[in-house]
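In the working numbering, the protein residues as written are 17 to 203.
Here the structure comes first, spelled out in structure tokens, and everything after it is commentary.
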């Protein structure tokens, strides 16, 4: 594998969304998730000299973040004397270092049911995005679907990066509630 050079100036634009989404599912607290991502970037800067280029920047940052999450749980559970951390690893020697969370269902050969399910989910998602407050919907689409960078969105809407993350988080919460009603509903 060719050696990969770190580019810390682009970490926030490239990886903050992924790292935040990864963290929020594990700590269920947006502020703490933002703090852990920020701590990850700081730890990455401090230990950049140890990066050997045997993985991608993202994989390296995720490994740092996982340790930050473990430390977070150790700290909050220190009174109990134990830490409860839920992480899954692949037990596959051919893919050393590959994390289960980074793997998704292979849809290269979708079944008819997969196609129908994807279409229904897409329609439900469009309805739920349309139901968001207009500003939330616009910012959510720009960041998550159009993949615009944080700085551009903040300038366009005259908001700070923190405001952006709060809006994205609130939009996601509302979308999940909507999808639970429209798509995951049990008849």
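Quick reminder that beta carbons are idealized off the backbone N, C-alpha and C, glycines included.
For residue i, is the classification buried or exposed, using 16 other Cβ atoms within 10 angstroms of its Cβ as the cut-off for buried?
i: residue 138; result: exposed
i: residue 60; result: buried
i: residue 187; result: buried
i: residue 47; result: exposed
i: residue 50; result: buried
i: residue 25; result: exposed
i: residue 159; result: buried
i: residue 169; result: buried
i: residue 120; result: In this prediction, residue 120 scores a pLDDT of 45, lower than 50, which makes its location untrustworthy; no coordinate-derived value is stated.
Indicate whether residue i and residue j have their beta-carbon atoms separated by less than 8 Å.
i: residue 181; j: residue 57; result: no
i: residue 41; j: residue 85; result: no
i: residue 184; j: residue 173; result: no
i: residue 81; j: residue 53; result: yes
i: residue 195; j: residue 141; result: yes
i: residue 143; j: residue 197; result: no
i: residue 145; j: residue 153; result: yes
i: residue 176; j: residue 29; result: no
i: residue 88; j: residue 157; result: no
Short of 7 Å in beta carbon distance, which residues of its chain neighbour residue i, apart from the five on each side in sequence? Order them along the chain.
i: residue 134; result: none
When every heavy atom of the ligand PLP is checked, does at least one fall within less than 7 Å of the C-beta of residue i?
i: residue 37; result: With respect to the ligand PLP, the structure offers nothing, as it holds no ligand at all.
Only counting the same chain, and skipping five residues up and downstream in sequence, which positions put a Cβ closer than 6 Å to that of residue i?
i: residue 74; result: 31
i: residue 132; result: none
Ignore the nearest five residues each way along the sequence and tell me which others in residue i's own chain have a CB closer than 8 Å to its CB.
i: residue 191; result: 141, 144, 145, 148 and 156
Item checked: Continuous alpha helix (DSSP H) assignments of at least 4 residues falling wholly in the segment 164-199 -> 166-173 and 177-198
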